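Colleague: Take this structure, written in structure tokens, and hold onto it; I'll ask about it next.
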Ligand code: IVH
């Protein structure tokens, strides 16, 4: 993609742009420079996995470009690195026809299957039995399949596989993936229009992080990286796609025509030649090195089927060390002319086959089933297994979801059960093995009463789970407290599960209100605490008292009320207890609040206990009033002007008032309507009048020139 001297030039240019030594007054040229260096760093970081500048430096360059483009909107081009995240999708996804059908693959499971495939290929190609066919072998990525169309060197369309003929148009979402170049030099190879096939994936460690934070937020976790990836591709808001950590690997040049519309696929004599072309154009392909440790190449051109078998078996053992989830390898005839001789069935190409890895399964004994009560009262059965080693982890506790799951699998305590972690990260029980029973096994008894508070369990008609409806149930109270302080709720540092359990056992916590009236002297006396830790905890709790009310709403563990719903509601109220006067219909006037959520929040605020709880919290100093952050739920949470209010006066020379305001808001500021003691900064342009005088008289307002304002936004330029 970039020759080494070119890399050096772009690196030097980056440094000059960062330290301000580049004297380039023409904004168009400077924008072009910034775009070039940012594209280069995106490629180094997201495709090569080998960055040459720090994240901070990248961000600084990005901000410089953003600021310049905001000041010169006419110079923004659609393939600028700042233009990756576009607007929300309003309707449904448009349907688009693929340029050639996207077929499936036939499967093989062992060496015999692969030898049969090789024989079949030779027959189709009319080669004699002793001849050797070369194959390309590459990972079978387990994510969401995508098709990208480039025309005239620009990414013009991206789609999901759909039914193979027609897919969903997801261009705006794919543009947010920084491993996907928005422009690529196809025309240098005579290609005017091309369709590339590939897979959008989430690295396993990023997936774990996403799930962990969803769990903390009380959101449902993804079963596996594939679900997280395919879901990520189909978000209505490209910003959400961009936050999913997706990457795209491209493994097939499906279609290529020149400017006259002539098919030129055969110009690439072999599959590996076309993959090398994609790599050289800046795409992430199976040739990419994914981490330092990867000692087995992800793709290999094998001279015969024996080498193919060898390579596939090596990967079967190696796959857990690879940073992405794979479910096998794909074997492709390398020579394009031979591929054409093989042809297709309606389902798959006859020149390619998937080699599926063995599912990762083990048998172990089901020792017991425990029933756990969650924060909203759902009772979940959990299998307690004899510990068993499976694909790198020890499996001991496995969720059994609900009663129906146990019944349908006829699970009995004492059974040998088959546990699997196929593509899935979360292990699950596939089945019991009744043929191994000796008669001592006992069916699982589903409790009629809550295992903690003994109240009768109920099963709402439209749900699969049994619930404990006693909101005062100890288990629920404890789980709610644990959730209340968690990162996505009130975010109280140092007040986690073990401390809460300890205080609870000491009888200090009966409800979440008690968390705000703790006796810090008593805490300081506890083993392992002391003055310092007690003070730290008090400071963290005092800080949380000032949280915006959307955090408080979320922290109440109202069934189905996540962070998003909490923000939507918080934006509509002045005080949390306004909600006790809301009727059901009023909730439904809020866009995106559905009937189930409306019902749950409505009943929560109809319950006197809950209202009293909130009143007590308010008496303890917890904020129940709408804050600025609640009024603007999508406002940035960081930026050099975060939390400061700003006002512009006079004529600005480098940008319009609107542009300046946009920049200020993006940097975290709020816009003030006039000069008052609440104003933090007044930016003065030429011919400033009374506002300047008033601000000077107030003395609390900082007065900045336009240059000073710009400097704060991109301190290095
Ligand atoms: S080649 C016509 N190569 O597997 C060629 N497919 O079961 C067909 N897949 O949905 C595709 N990794 O998206 C090919 N290296 C790879 C692949 C791959 C994953 C997916 C593909 C398709 C499915 C077929």
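Numbering (the numbering used here), first residue to last: -15 to 701. Virtual Cβ for every residue (Gly too), placed ideally from N, Cα, C. Keep in mind that this is a model prediction, so the values were computed, not measured.
1) On the DSSP letters alone, give me the boundaries of the alpha helix (DSSP H) that residue 601 sits inside.
2) Would you decide whether residue 615 is buried or exposed? Buried here means 16 or more other CB atoms lie within 10 Å of its CB.
3) By alpha-carbon positions, which one of 682, 551, 196, 646 ends up nearest to residue 693?
4) Look up residue 316 in the DSSP assignment and give the residues it is bridged to.
5) Looking only at C-alpha atoms, which of 534, 569, 66, 546 sits nearest to residue 555?
6) Is residue 125 near the ligand GTP, going by C-beta to nearest heavy atom under 7 angstroms?
7) If you pair each beta-carbon of the region 658 to 675 with each one of the region 628 to 638, do three or more pairs fall below 8 angstroms?
8) For residue 2, report the span of its alpha helix (DSSP H) as first-last.
9) Using DSSP's beta-bridge definition, name the partner residues of residue 688.
10) What is the C-beta distance between residue 703 and residue 547, in whole angstroms, given that I count them as a contact (C-beta under 8 angstroms)?
11) Is the Cβ-Cβ distance between residue 528 and residue 476 less than 8 angstroms?
12) Please go through the same chain and pick out, in chain order, the residues whose beta-carbon is closer than 6 angstroms to the beta-carbon of residue 141, but skip the five residues on each side of it.
13) Heavy atom of the ligand IVH less than 7 angstroms from the Cβ of residue 239, yes or no?
14) How should residue 88 be labelled, buried or exposed, when 16 other C-beta atoms within 10 angstroms of its C-beta is the threshold for buried?
15) I'd like to confirm something about residue 87: is its beta-carbon nearer than 7 angstroms to some heavy atom of the ligand IVH, or not?
16) Assuming residue 387 is part of the alpha helix (DSSP H), what are its boundary residues?
17) Could you pull the start and end residues of the beta strand (DSSP E) that residue 349 belongs to?
18) Determine whether the Cβ of residue 131 lies closer than 8 angstroms to any Cβ atom of chain B.
19) Residue 528 lies in the alpha helix (DSSP H); which residues open and close that run?
20) Flag this pair as yes or no: are the beta carbons of residue 426 and residue 347 separated by less than 8 angstroms?
21) State yes or no: is the C-beta of residue 231 nearer than 7 angstroms to some heavy atom of the ligand IVH?
22) Taking residue 381 as part of the beta strand (DSSP E), name the residues at either end of that continuous run.
23) For a minimum of 4 consecutive residues, which ranges assigned as the alpha helix (DSSP H) are wholly contained in the region 233 to 310?
24) What residues in its chain sit with their C-beta under 6 angstroms from that of residue 380, if we drop five residues either side in the sequence?
25) Just verifying my parser: in three-state terms, what is the DSSP assignment at residue 364?
26) At a cut of 8 angstroms, does the region 296 to 309 reach the region 185 to 193 through at least three beta carbon pairs?
27) If you drop the 5 nearest sequence neighbours on each side, which residues of the same chain put their C-beta closer than 6 angstroms to that of residue 60?
28) Going by the beta-carbon positions, is the gap between residue 79 and residue 150 smaller than 8 angstroms?
29) Over what stretch of residues does the alpha helix (DSSP H) that includes residue 151 continue unbroken?
30) Taking only heavy atoms of the ligand IVH into account, decide whether any of them is closer than 7 angstroms to the Cβ of residue 145.
31) Counting only the same chain and skipping the five closest in sequence on each side, list residues whose C-beta sits under 8 angstroms from that of residue 655.
32) Pick out the complete alpha helix (DSSP H) segments inside the region 607 to 681, 4 residues or longer, and give them in chain order.
33) Assuming residue 136 and residue 176 make a contact with CB atoms under 8 angstroms, what is their CB distance in whole Å?
34) Check whether the region 242 to 259 touches the region 194 to 208, taking contact to mean three or more Cβ pairs, one atom from each stretch, closer than 8 angstroms.
35) Could you give the DSSP three-state label for residue 68: helix, strand or coil?
36) I need the straight-line Cα distance from residue 118 to residue 359, nearest angstrom please.
Modeller: The answer reads as follows:
1) On the chain shown, residue 601 is found 617 positions in, with the first residue counted as 1. Residues 592 to 603.
2) Position 631 of the chain shown holds residue 615. Residue 615 is exposed by the Cβ-count criterion.
3) Locating residue 693 in the chain shown gives position 709, counting from the first residue. Here the closest residue by C-alpha is 646.
4) Reading the chain shown from its first residue, position 332 is the one you call residue 316. Bridge partners of residue 316: 120, 336.
5) Here residue 555 refers to the residue found at position 571 when the chain shown is read from its first residue. For residue 555, the nearest C-alpha among the options comes from 534.
6) Among the ligands in the structure shown, the ligand GTP does not appear; only the ligand IVH can be found there.
7) yes
8) For the purposes of this step, residue 2 is identified with residue 18 of the chain shown, where counting begins at 1. Counting along the chain, the alpha helix (DSSP H) containing residue 2 begins and ends at -12 to 3.
9) Counted from its first residue, the chain shown places residue 688 at position 704. Per DSSP, 667.
10) The question about residue 703 has no answer here: the residues shown for the chain are numbered -15 through 701.
11) In the chain shown, the residue the question calls residue 528 occupies position 544. In the chain shown, the residue the question calls residue 476 occupies position 492. Against a cut-off of 8 angstroms, the Cβ pair of residue 476 and residue 528 comes out as a contact.
12) As a first step, residue 141 is located in the chain shown; it is residue number 157 there, counting from the start. Once the five neighbours on either side are set aside, the close Cβ partners of residue 141 are 133, 155.
13) Locating residue 239 in the chain shown gives position 255, counting from the first residue. No, Cβ of residue 239 sits at least 7 angstroms from all heavy atoms of the ligand IVH.
14) As a working note, residue 88 is residue 104 in the chain shown. When all chains shown are included, residue 88 counts as exposed.
15) Along the chain shown, read from residue 1 onward, the residue named residue 87 stands at position 103. Yes, the Cβ of residue 87 comes within 7 angstroms of a heavy atom of the ligand IVH.
16) Residue mapping note: residue 387 aligns to position 403 of the chain shown, counting from 1. Per DSSP, residue 387 belongs to the alpha helix (DSSP H) from 387 to 392.
17) The residue labelled residue 349 in the question sits at position 365 within the chain shown. Counting along the chain, the beta strand (DSSP E) containing residue 349 begins and ends at 345 to 357.
18) Here chain B cannot be found, since the structure has a single protein chain.
19) Sequence index remark: in the chain shown, residue 528 carries index 544 (1-based). Residue 528 -> alpha helix (DSSP H) spans 514 to 529.
20) By one-based count along the chain shown, residue 426 stands at place 442. By one-based count along the chain shown, residue 347 stands at place 363. Against a cut-off of 8 angstroms, the Cβ pair of residue 347 and residue 426 comes out as no contact.
21) As a first step, residue 231 must be located in the chain shown, where it is residue number 247. Answer for residue 231: no, Cβ out of range of the ligand IVH.
22) Position 397 of the chain shown, counted from the first residue, corresponds to residue 381. Looking at the DSSP string, the run of the beta strand (DSSP E) that includes residue 381 is 377 to 383.
23) 255 to 264, 289 to 302
24) Position 396 of the chain shown, counting from 1, holds the residue named residue 380. Answer for residue 380: 369, 371, listed in chain order.
25) As a working mapping, residue 364 is identified with position 380 in the chain shown. Strand at residue 364.
26) yes
27) Working through the chain shown from its first residue, we reach residue 60 at position 76. These residues qualify, in order along the chain: 53.
28) Start at 1 with the first residue of the chain shown, and residue 79 comes out as number 95. Start at 1 with the first residue of the chain shown, and residue 150 comes out as number 166. Cβ atoms of residue 79 and residue 150: closer than 8 angstroms.
29) Sequence index remark: in the chain shown, residue 151 carries index 167 (1-based). Run containing residue 151: none in the alpha helix (DSSP H); it sits in the beta strand (DSSP E), 150 to 152.
30) As a working note, residue 145 is residue 161 in the chain shown. Yes.
31) In the chain shown, the residue the question calls residue 655 occupies position 671. Excluding residues within five positions, the ones whose Cβ falls inside 8 angstroms are 629, 630, 631, 645, 648, 649.
32) 612 to 615, 641 to 650
33) As a first step, residue 136 must be located in the chain shown, where it is residue number 152. As a first step, residue 176 must be located in the chain shown, where it is residue number 192. The Cβ separation is near 7 angstroms, so the contact holds.
34) no
35) Looking up residue 68 in the chain shown gives position 84. In the structure shown, residue 68 sits in coil (DSSP, three-state: anything other than H, G, I, E or B).
36) Translated into the one-based positions of the chain shown, residue 118 becomes position 134. Translated into the one-based positions of the chain shown, residue 359 becomes position 375. Roughly 58 angstroms separates the two Cα atoms.
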